[in-house]
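*Asks:*
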DNA sequence: TGAATAGTGTCTGTTAGACACTATACT
DNA sequence: AGTATAGTGTCTAACAGACACTATTCA
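What follows is the structure in structure tokens.
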């Protein structure tokens, strides 16, 4: 890790390299108004600010005094913008290059988070939800954030095929048709009700509560996530690809 | 990304934060002598070098003049230590904290690479292959590299259940029993020959060459990877967990 | 009673798992 | 001929896909 020569005319063992900028960005997803939505932040326009007024993923520099590690930094950024903690936070990957930030060589550690729909209340003033239309978002994003968002959406879509991740997008109590709806919104295709129910009910993921959702039709059983439930991985995807 | 206050008593918009150290580490896998093996590098003992003489993952500081981006940096480290390019390189994740490097707050971008067995020829002088025994490696590793290695092994094992990744560990020509053996080595359990063959042959992954492997028994058809074949994802895992 | 949605049951197709069976080389 | 490994076929279990059918509420 340190066999490279130094760069300051010292003894060849120094670690005093020019250091890339280090940031953390978070892709925060929620389902709002029957669409998958992502949280964006509008950038300021101060002196030296790249991409003034552009929309960007919430994030920013690692603060080596406040942030014990990268994940703590991601949780801090998330909390700053939404006021809440996420029930699901996963590392997405890192993007680093000479070109992605006009201020110099920079590397960002990207995370993705899932928020229950209702938790979308106390947003920061500069933050806003944007629905995803055909995999992207309307405004042109700062830096390489469009690429990061694209990777996050792909990862989410892919994982939804064989995991219980959408459960983290649900409110505290929800019905099976509610959950199926969220799966369908993310995958953008209908699923078979019967197979869906069988899969979810046999997964030791949710438990019924003593209430029903009532409406102008047959009431539906309400469920909640089992306590501290880690995501479930199913052995098959939903629609085996290319029959 | 830059709405944080500055830290130098300037106008609150500077980006002149103290910067973490930025490194890249690569977990290089190969199958050697019927075992999964990982490439390690012995650290030097110069002044100020942390973990002198300890074994570590190949890697080191990002060189902002030579490395266009993180992946290029990983490829460079790999080439330096093995003399070859890897047919498969995937980002594994990043690890960053105040504690992982005694020289200060540091973040590493970890990659994992798969090498064909025979390509393990021209190693750097300080590099060596170590077989994995029960998921780990014998020597105590520098930094948090044991944790990174553990994550890489878990990721590999998991992906082998439903992808064609082991194909990248094979020499140019191989038989189906050869390939099955590599799957079994990584998964550490036997697989059904019939199901294995059906899966591989229906995957549009390999093609027969006009030769057979001869031995003291029935000859076996030799195959090669189809050109520029991306990894194949199967719709099911091998042994559906917990029937 | 009808509309609407919740929830179940039945049939079929695909494929993994188990394992027996055949094939083809060398000694 | 015997041994060893390559490769195929057959049967079964599990489960997703399709879709019909029943259940329960409100208007």
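Protein chains in written order, with my numbering: chain A, 1 to 243; chain B, 1001 to 1243.
A virtual CB, placed ideally from N, CA and C, is assigned to each residue, including glycine.
Computed from a prediction, not measured in an experiment: that's the story for all the values here.
CB-CB under 6 Å to residue 234(A), same chain, minus the five flanking residues each way: which ones, in chain order?
*Replies:* 162
*Asks:* Would you give the residue range spanned by the alpha helix (DSSP H) that residue 1184(B) belongs to?
*Replies:* 1176–1187
*Asks:* Could you check whether residue 1070(B) and residue 1024(B) sit closer than 9 Å to each other, using their CB atoms as the reference points?
*Replies:* yes
*Asks:* Out of curiosity, what's the CA-to-CA distance linking residue 1208(B) and residue 1223(B)?
*Replies:* 4 Å
*Asks:* If we ignore side chains and look at the alpha-carbon of each, how far apart do residue 21(A) and residue 1177(B) end up?
*Replies:* 49 Å
*Asks:* Buried or exposed: which applies to residue 81(A), given that a residue is buried once 16 or more other Cβ atoms fall within 10 Å of its Cβ?
*Replies:* Answer is buried; the Cβ neighbour count reaches 16.
*Asks:* Label residue 188(A) either buried or exposed according to how many other C-beta atoms from any shown protein chain fall within 10 Å of its C-beta, with 16 as the threshold for buried.
*Replies:* Classification for residue 188(A): exposed.
*Asks:* How should residue 1214(B) be labelled, buried or exposed, when 16 other C-beta atoms within 10 angstroms of its C-beta is the threshold for buried?
*Replies:* exposed
*Asks:* Do you know offhand how far residue 1123(B)'s Cα is from residue 1133(B)'s?
*Replies:* Using only the alpha carbons, I get a separation of about 22 Å.
*Asks:* Which residues in chain A sit within 8 Å of residue 1105(B), going by Cβ to Cβ distance?
*Replies:* 62 and 64
*Asks:* Quick one: grab the DSSP three-state call for residue 162(A).
*Replies:* Coil at residue 162(A), not helix or strand.
*Asks:* Any idea if residue 1194(B) is buried or exposed, counting beta-carbon neighbours within 10 angstroms, 16 or more meaning buried?
*Replies:* exposed
*Asks:* Any beta carbon from chain B within less than 9 Å of residue 20(A)'s own beta carbon?
*Replies:* yes
*Asks:* Tell me whether residue 967(B) is buried or exposed, calling it buried when 16 or more other Cβ atoms sit within 10 Å of its Cβ.
*Replies:* Only positions 1001 to 1243 of chain B appear in this structure, which leaves residue 967(B) out of reach.
*Asks:* Using CA atoms only, rank isn't needed, just tell me which of 112(A), 238(A) and 154(A) is closest to residue 253(A).
*Replies:* With chain A running from 1 to 243 in the structure shown, residue 253(A) is simply not present.
*Asks:* Name, going along the chain, the residues of the segment 1082–1099 of chain B whose beta-carbon falls closer than 7 Å to a beta-carbon of chain A.
*Replies:* 1091, 1093, 1094, 1096, 1097 and 1098
*Asks:* Which bits of chain B does residue 68(A) rub up against, with CB to CB less than 7 Å?
*Replies:* Here the neighbours are 1097 and 1098.
*Asks:* If we call anything under 9 Å between Cβ atoms a contact, is residue 26(A) one with residue 74(A)?
*Replies:* yes
*Asks:* Between residue 1237(B) and chain A, is the shortest Cβ-Cβ distance under 9 Å, so that the two count as touching?
*Replies:* Chain A, which has a Cβ nearer than 9 Å to the Cβ of residue 1237(B), makes this yes.
*Asks:* Residues bridged to residue 1109(B) by DSSP?
*Replies:* 1024(B) and 1094(B)
*Asks:* Here's a check: name, in chain order, each residue in its chain whose Cβ is nearer than 7 Å to the Cβ of residue 1229(B), leaving out the five neighbours to either side.
*Replies:* 1205
*Asks:* Quick check: the Cα distance between residue 225(A) and residue 172(A), rounded to an integer number of angstroms?
*Replies:* 7 Å
*Asks:* Verify whether the separation of the beta carbon atoms of residue 1110(B) and residue 1086(B) is less than 9 Å.
*Replies:* For residue 1110(B) and residue 1086(B), no; Cβs fall outside 9 Å.
*Asks:* In this structure, does DSSP put residue 29(A) in helix, strand or coil?
*Replies:* strand
*Asks:* Which two residues bound the contiguous alpha helix (DSSP H) that contains residue 1197(B)?
*Replies:* Residues 1193–1201.
*Asks:* From which residue to which residue does the beta strand (DSSP E) around residue 211(A) run?
*Replies:* If you look at residue 211(A), you'll find it in the beta strand (DSSP E) that goes 206–213.
*Asks:* How would you list, in chain order, the residues of chain B whose beta-carbon sits under 8 Å from the beta-carbon of residue 53(A)?
*Replies:* None at all; the shortest Cβ gap to chain B is about 13 Å.
*Asks:* Is the beta carbon of residue 1031(B) less than 9 Å from the beta carbon of residue 1186(B)?
*Replies:* In this structure, residue 1186(B) lies closer than 9 Å to residue 1031(B) by Cβ.
*Asks:* Excluding the five sequence neighbours on either side, which residues of its own chain have a C-beta within less than 6 Å of the C-beta of residue 98(A), listed in chain order?
*Replies:* 105
*Asks:* Is it the case that the Cβ atoms of residue 1137(B) and residue 1038(B) are separated by a distance below 9 Å?
*Replies:* yes
*Asks:* Can you tell which of 1199(B), 1154(B) and 1068(B) has the C-alpha that lies nearest to the C-alpha of residue 1238(B)?
*Replies:* 1199(B)
*Asks:* Rounding to the nearest angstrom, what Cα-Cα distance links residue 1049(B) and residue 1145(B) in this structure?
*Replies:* 16 Å
*Asks:* So residue 43(A) and residue 54(A) are supposed to be a Cβ contact under 8 Å. How far apart are they, rounded?
*Replies:* Right, their Cβ atoms sit about 5 Å apart.
*Asks:* Could you compute how far the alpha carbon of residue 1231(B) sits from the alpha carbon of residue 217(A)?
*Replies:* 48 Å
*Asks:* Kindly indicate if chain A contains any beta-carbon less than 9 Å away from that of residue 1009(B).
*Replies:* Only weak support exists for where residue 1009(B) lies, its pLDDT of 32 falling under 50; the coordinates are left without a value.
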